[in-house]
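**Student:**
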Amino acid sequence: MKSFGRERVLDGVDLTVPAGAITVLLGPSGAGKTVTISHVVGLLSPDRGAVYIGDRNLVALGDAELNEVRQSMAVVLQGTLPFTCGLFFSLTVYENVAFALRQRNRWSEERVRQVTMEYLGMVGLADRAGDMPEHLSAGMCKRVAIARALALEARIVLIDDFDSGIDGVRLSLLCGMITEIQRETGATFLVSTHHMSAARRLADYVAVIHDGRIVASGEAEAVLGSSDPLVRQLVAGDTSGPIQLADV
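For the sequence shown, this note's numbering assigns the number 254 to the last residue and increments by one with no breaks.
(1) Extract the residue ranges of the alpha helix (DSSP H) inside the segment 8-64, only unbroken runs of 4 or more that lie entirely within it.
(2) Can you give me the C-alpha to C-alpha distance between I162 and G60, rounded to a whole angstrom?
(3) Measure from the alpha carbon of S143 to the alpha carbon of each residue in A106, L156, A132, G171, then state which is nearest.
(4) CA-CA distance, F105 and V81?
(5) Any idea if V19 is buried or exposed, counting beta-carbon neighbours within 10 angstroms, 16 or more meaning buried?
(6) Starting from R108, trace the alpha helix (DSSP H) both ways and give me its first and last residue.
(7) Of all the beta strand (DSSP E) runs that stay within the bounds of the segment 157-237, which reach a length of 3 or more residues?
(8) Does the segment 68-82 touch the segment 152-162, meaning 3 or more C-beta pairs lie closer than 8 Å?
(9) Which residue comes first and which comes last in the beta strand (DSSP E) that contains M79?
(10) Could you say if the segment 204-214 and the segment 8-15 meet the contact criterion of at least three C-beta pairs nearer than 8 Å?
(11) Shortest alpha-carbon distance to G130 belongs to which of F168, L177, G48, E71?
(12) Please name the residue, chosen from V99, I165, K148, that lies closest to R134 on a Cα-to-Cα basis.
(13) Since I215 and T42 are thought to touch, with beta carbons under 8 Å apart, how far apart are those beta carbons, to the nearest angstrom?
(14) Using C-beta distances below 8 Å, list every residue in its chain close to I220, excluding the 5 sequence neighbours before and after it, in chain order.
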């Protein structure tokens, strides 16, 4: 459970993310996706409950232990200037990716450059390596952040608001790339989105969140084929159902 002042933002989030697979956290805007992922990263602590990464409860860890757990993670956050997607706006696109690699590895500068350019190429931004993030669109910033996260080859990858600012074609291409990388590495992915096409392309497992509660979870095919009215409305994009304008 998590509240900000009098507003209860999370209430009943019972979420299991299976290891070695892609779990999609699916829900409308304002459902609690970002707050949930912030708990998994350890940026927020629940008012009541626990957050486990493996057998370690983040709520019980000190700063040093929490940072140790974070070393196994790569994270793409939602945000606003000057920290959109967690990028450093004082660094170039290249340096945003290279900086993270230098922090995690004792690599030669040549290897850092090779890996940085490889992953920028994967997201279609190798030719923008020398640009500052402020000169990129929101979708490009998201793609830089995704390149940085994937380049770290972390065991746990968290991508919040995956589809934000990314057009349909590039979104499909990114889905294919992430799926391929996950299959090659066996890493655990947790990706939040409200985009049904992305969810279908990515998910091995799906958890549906609404009003701060997990209302359905399990294998993707079973959840996306659920008869639950809220899930069916999300899947179909229907205007009739429990989700209305006041909720988004």
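Even glycine gets a Cβ: it sits at the ideal position worked out from N, Cα and C. Keep in mind the model is a prediction, meaning the values are calculated, not measured.
**Tutor:** Quick answer:
(1) Listed in chain order, they are 39-47.
(2) Their Cα atoms are separated by approximately 11 Å.
(3) The candidate whose alpha carbon is nearest that of S143 is G171.
(4) Each residue's alpha carbon lies about 14 Å from the other.
(5) V19 sits buried, since 16 or more C-beta atoms from the chains shown fall within 10 Å of its C-beta.
(6) Unbroken alpha helix (DSSP H) run through R108: 99-110.
(7) Segments of the beta strand (DSSP E) lying fully in the segment 157-237: 162-165, 194-199, 211-216, 219-225.
(8) With the cut-off at 8 Å, the segment 152-162 and the segment 68-82 touch.
(9) 79-82 is the extent of the beta strand (DSSP E) around M79.
(10) The answer is no - the segment 8-15 does not touch the segment 204-214, with fewer than three Cβ pairs under 8 Å.
(11) Closest by alpha carbon: L177.
(12) Check the Cα spacing between R134 and each of V99, I165, K148: the tightest is with V99.
(13) Contact flag correct, Cβ pair sits at about 7 Å.
(14) Same-chain partners within the cutoff: G18, V19, D20, L21, A213, V214.
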